[in-house]
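J.: Attaching a single structure in structure tokens format; questions to follow.
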Amino acid sequence: MEEGQGAPIMKKQLATAATRRSARVAGMPAPQGLYNPRNEHDACGVGFIAHMKNVASRKVVVDGLAMLENLTHRGAVGADPLAGDGAGMLVQIPHAFLSEECGKLGFTLPAPGDYGVGCFFMPRDDAGRALIVDLLEKTAAEEGLAVLGWRDVPVDNSCLSDGVRATEPLHMQVFIARPADLDEAAFERKLFLVRKVVSNRRLELDDPRTEGYYPVSTSTRTLVYKGMFLAYQLGAYFTDLKDERFTSALALVHQRFSTNTFPAWPLAHPFRMIAHNGEI
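Per my numbering, the sequence shown runs over residues 107 to 386.
Written out as structure tokens, the structure is:
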């Protein structure tokens, strides 16, 4: 082949390759300057594991954490290499574990299904936190529900950067007894109502000391552990998840890649019922 004869063929091959790439990222701008649509990433990582016969075990939790770490590539990290867009796990309430822990705090849990657990991000301000606790206990009483006690969720924030720690909430769990005249479905509705009323009343207070409050989950069946983490940080941060007594028959995990919203503690997944890999 004479010099220059291969140029048209090469240009055609490059054009074909470019067409294939643009088809994969349709709707995005053409490559220009330092921008190339091939470098765009989206879609969070979601995983689910469960025992088919609903048998709780330590293995399900461990495998859930491992699965989450395997989704690291589906999440985002900031210029701060320790600042992730968010990660979390939804599990069944580990009754035996929580029963022991609550016993150490001076209150007794009834049988599984006869109580609900609320998980909350709480204000770091002591007065603001006291306002939320009082608000929730009064609202529960109005609905005929008895608060059994509160638990501070232990964490190890040494895995977080200074920037993430600056926005870190405190983590608390509240335990609420099911009245004898309510079945599980009715009790779940009551827990939902308490959560919504507390959130609305907190907004009506318009007290900056309560900033940082967020209801992570309230249920008779499940708990959610989540935060502004990278995948591997979830198990390192929440020491509950590393406890050999902590078991579940299912684990729903999520590693976030935020698109049209900024990373924030409340926006990490899973939410109370779902985890998804697109914007809703």
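Ideal Cβ placement from N, Cα and C applies to all residues, glycine included. What you are looking at is a predicted structure, and each value in this text was computed from that prediction instead of being measured.
(1) Is F213 closer than 8 Å to L242 when the C-beta atoms are compared?
(2) Looking at the secondary structure, which residues open and close the beta strand (DSSP E) in which Q198 lies?
(3) For the region 224-231 against the region 312-327, do three or more pairs of beta-carbon atoms, one drawn from each stretch, fall closer than 8 Å, so that the two count as touching?
(4) Report the option in Y141, M158, V161 and A172 whose CA atom is closest to the CA atom of G341.
(5) Between which two residues does the beta strand (DSSP E) holding Q361 run?
(6) Using 8 Å as the cut-off, can you tell me whether the region 350-369 makes contact with the region 153-165, which would need three or more C-beta pairs spanning the two stretches below that distance?
(7) Just grab the DSSP bridge partners of H277 for me.
(8) Name the residue from I155, F281, G269 and N142 whose alpha carbon lies nearest to the alpha carbon of P369.
(9) Unbroken beta strand (DSSP E) runs of length 3 or more, entirely within the region 241-287: which are they?
(10) From which residue to which residue does the beta strand (DSSP E) around F154 run?
(11) If you draw a straight line from the alpha carbon of N142 to that of T367, how long is it in whole angstroms?
(12) In this structure, what does DSSP give as the bridge partners for L330?
(13) Taking Cβ positions only, does D289 come closer than 8 Å to chain D?
(14) From S128 to Q339, what distance separates their C-alpha atoms?
T.: A quick look at the data gives this:
(1) Taking the first residue of the sequence shown as 1, we reach residue 242 at position 136. Taking the first residue of the sequence shown as 1, we reach residue 213 at position 107. In this structure, F213 does not lie closer than 8 Å to L242 by Cβ.
(2) Within the sequence shown, the letter at position 92 stands for residue 198. Where Q198 is concerned, the enclosing beta strand (DSSP E) stretches over A193 to Q198.
(3) yes
(4) Walking along the sequence shown from the start, residue 341 turns up at place 235. Here the closest residue by C-alpha is A172.
(5) Numbered from its first residue, the sequence shown carries residue 361 at position 255. L356 to Q361 is the extent of the beta strand (DSSP E) around Q361.
(6) yes
(7) Counting from one through the sequence shown, the residue named residue 277 turns up at place 171. According to DSSP, which records beta bridges pairwise, H277 is partnered with F227.
(8) Sequence index remark: in the sequence shown, residue 369 carries index 263 (1-based). Nearest of I155, F281, G269 and N142 to P369, Cα basis: G269.
(9) 252-258 and 276-283
(10) Locating residue 154 in the sequence shown gives position 48, counting from the first residue. First-last of the beta strand (DSSP E) with F154: G151 to A156.
(11) If you number the sequence shown from 1, residue 142 lands on position 36. If you number the sequence shown from 1, residue 367 lands on position 261. The straight-line gap from Cα to Cα measures roughly 22 Å.
(12) Here residue 330 refers to the residue found at position 224 when the sequence shown is read from its first residue. Sequence check: residue 330 is Val here, not Leu. Answer is L196.
(13) The structure shown contains no chain D, having only a single protein chain.
(14) What you label residue 128 is simply residue 22 of the sequence shown in a count that begins at 1. What you label residue 339 is simply residue 233 of the sequence shown in a count that begins at 1. Unreliable positioning characterises S128 in this predicted model, as indicated by a pLDDT of 42, which lies under 50. A coordinate reading is not provided.
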